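Visitor: Position 251, counted from 1, in the sequence shown is what the UniProt record's numbering calls 251; the numbers after and before it change by one each time, with no gaps. Just so you know, even glycine gets a beta-carbon here, dropped at the ideal spot from N, CA and C. Computed from a predicted structure; not experimentally measured. One structure is given below, represented as structure tokens, and several questions about it will come after.
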Amino acid sequence: MALSTTLSQMSIALPTGIDGSSRSMIKVQSMSFTEKSWSPLLKLDSKPRSLTVKTRSTICMSLQQASRTKVQSMSFTEKSWSPLLKLDSKPRSLTVKTRSTICMSLQQASRTKVAVTPLELEDPKETPLNLYRPKEPYTATIVSVERIVGPQAPGETCHIVIDHDGNVPYWEGQSYGVIPPGENPKKPGAPHNVRLYSIASTRYGDSFDGKTASLCVRRAIYYDPETGKEDPSKAGVCSNFLCNAKPGDKVKITGPSGKVMLLPEDDPKATHIMIATGTGVAPYRGYLRRMFMENVPNFKFDGLAWLFLGVANSDSLLYDEEFAGYLKDYPENFKYDKALSREEKNKKGGKMYVQDKIEEYSDEIFKLLDNGAHIYFCGLKGMMPGIQDTLKRVAEERGESWEQKLTQLRKNKQWHVEVY
Ligand code: FAD
């Protein structure tokens with residue numbers, strides 16, 4: 001069994017059970033496999049998590065840095081294993097003998113970018129748009145559904161990988177439509193209406209082969225305002241369908257749609273200020289993977305990407321470790337500010353919202369906008385009034401008219417808003 005990863009740094013921890021008597025755990029931050037049948041087993045995801053890998057008797061792994069097969073660095077908590085897998089910069093194949101399981105924790109490599117295919121996905125001049133419409137949706141397959149928030153997060157958010165087999169190509173910043181199974185209660189006999197979801201992966205998908213798309217979906221739950229109790233009969237149809245889906249389930253998708261959040265790539269040195277609340281981070285995960293994770297021949301980003309993410313508390317942070325990795329590897333090109341409304345206070349002693357962070361850095365943000373920066377807003381509709389009020393107040397303090405500035409930003413195509 002050959003697994004080819006695109007990691008240059010890997011640490012294998014073998015805490016228990018490697019003798020085959022019990023299952024060991026594997027922590028994966030980012031991997032890609034040449035052997036397709038393995039990808040659903042080892043889900044791609046930004047958060048370290050435990051997965052169990054079943055092998056028959058031997059796993060033969062080849063680790064790949066860029067395009068060559070070599071191991072750059074490995075460390076073992078369980079000393080007895082290190083002699084088996086020697087640290088070495090030369091390409092080599094490694095054979096790990098286990099009886100039934102192997103346990104490892106993988107780390108995203110520093111500055112090592114992942115090879116992506118097929119590069120034809122860079123070619124089309126026209127944005128892919130509405131290749132599948134509600135009357136004739138594409139039937140895709142769920143690869144994985146994973147809760148990506150911690151236990152203290154209010155509500156649940158899942159990262160969902162969908163296999164479209166390369167048939168529904170899209171660009172970063174676009175959305176897919178999903179038609180949940182069942183009947184539309186408002187139109188008996190007709191299917192449900194389409195729900196849109198921002199795509200959270202690059203055009204190459206989390207599988208880096210252009211065959212999957214990932215969504216970041218918050219489960220919509222209904223609480224009765226009088227009793228405060230959850231009423232499952234009024235739970236959101238599509239978000240619950242997606243968050244409850246199992247690998248192999250079919251999902252009807254439409255699209256891709258949307259042009260407003262496309263990443264302008266004409267200037268690789270441009271500044272992109274990305275503002276998100278909750279699942280609004282989805283398109284930015286795609287942008288940032290394209291900028292910092294993937295080796296895309298015709299897009300060598302060397303500008304500034306600045307992410308402001310507002311969520312309730314640290315357990316609600318989405319893709320935090322992936323973003324923290326960029327901060328470590330690309331400190332000159334990436335900034336990341338979080339606003340945790342239920343954990344932090346703003347300077348007036350109130351809850352810390354994303355607009356409070358914008359205010360804190362308003363001088364810098366206004367200068368960047370004056371120099372042509374793009375600014376993006378994505379998330380719940382309710383985020384915009386507070387942000388607009390803050391921007392207006394800051395503009396006035398600077399002796400500028402916000403209305404004029406906004407008109408200019410829109411005219412220059414620097415202003416990108418997708419709220420729902
Ligand atoms: P629905 O079934 O449509 O219900 C909507 C809401 O009404 C729910 O909160 C539900 O609990 C409540 N409700 C149901 N029945 C009743 C009742 N009888 N009385 C009162 N309330 C009731 N969402 C994401 O999670 N991630 C994304 O990346 C994302 N991207 C989007 C991008 C765009 C461009 C747009 C427009 C929307 C996006 N959305 C995203 C939102 C998404 O499209 C859905 O609106 C959301 O998932 C809720 O759909 P649902 O089918 O689960 O809920």
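#1: Just tell me which of 292, 139, 311 and 416 has its CA closest to the CA of residue 249.
#2: Using the three-state DSSP reduction, which class does residue 341 fall into: helix, strand or coil?
#3: Helix or strand or just coil, what does DSSP make of residue 76?
#4: Do the CB positions of residue 254 and residue 177 come within less than 8 Å of each other?
#5: Which stretch, first to last residue, makes up the beta strand (DSSP E) that contains residue 129?
#6: If I measure Cβ to Cβ from residue 127 and keep anything under 7 Å in the same chain, skipping five residues before and after, which residues do I get?
#7: What residue from 277, 392, 374 and 315 has the CA that sits closest to residue 410's CA?
#8: In chain order, what residues of the same chain have a beta carbon less than 6 Å from the beta carbon of residue 368, not counting five sequence neighbours either side?
#9: Compute the minimum distance between the beta carbon of residue 221 and the heavy atoms of the ligand FAD, and state whether it is under 7 Å.
#10: By DSSP's criteria, residue 177 is part of a beta bridge. Which residues make up the other side?
#11: When DSSP builds the beta bridges, which residues end up paired with residue 138?
#12: Along the alpha helix (DSSP H) that carries residue 270, what are the first and last residues, could you check?
#13: Do residue 418 and the ligand NAD come close, with the Cβ less than 7 Å from some heavy atom?
#14: Taking 8 Å as the CB-CB cut-off, is residue 334 touching chain D?
#15: Can you tell me whether residue 152 is buried or exposed, with buried defined as 16 or more other CB within 10 angstroms of its CB?
#16: Whose C-beta lies closer than 6 Å to the C-beta of residue 302 among residues of the same chain, with five residues either side of it excluded?
#17: Helix, strand or coil for residue 408 per DSSP?
#18: Could you tell me if the beta carbon of residue 214 falls within a distance shorter than 7 Å of some heavy atom in the ligand FAD?
#19: Is residue 197 near the ligand FAD, in the sense that its beta carbon is under 7 Å from a heavy atom of that ligand?
#20: Using 8 Å as the cut-off, can you tell me whether the stretch 288-302 makes contact with the stretch 378-388, which would need three or more C-beta pairs spanning the two stretches below that distance?
#21: Put residue 398 into one of helix, strand or coil per three-state DSSP.
Guide: The relevant details are as follows:
#1: 139
#2: coil
#3: Note that residue 76 scores a pLDDT of 32, beneath 50, so its modelled location is shaky; the value from the coordinates is reported in the next line. Strand.
#4: yes
#5: Run containing residue 129: none; DSSP gives neither H nor E here.
#6: Answer for residue 127: 171, 259 and 262, listed in chain order.
#7: Of the candidates 277, 392, 374 and 315, the one whose C-alpha sits nearest the C-alpha of residue 410 is 374.
#8: Residues of the same chain with a CB within less than 6 Å of the CB of residue 368, apart from the 5 flanking positions on each side, are 271 in chain order.
#9: Taking the Cβ of residue 221 as the reference point, at least one heavy atom of the ligand FAD falls within a distance shorter than 7 Å.
#10: 196 and 254
#11: 253
#12: Where residue 270 is concerned, there is no enclosing alpha helix (DSSP H), given that its DSSP letter is neither H nor E.
#13: The ligand NAD is absent from the structure shown, which contains only the ligand FAD.
#14: Absent from the structure is chain D; it holds one protein chain and no more.
#15: exposed
#16: 268 and 269
#17: helix
#18: no
#19: yes
#20: Result no; under three Cβ-Cβ pairs closer than 8 Å.
#21: Three-state DSSP puts residue 398 in coil, outside helix and strand.
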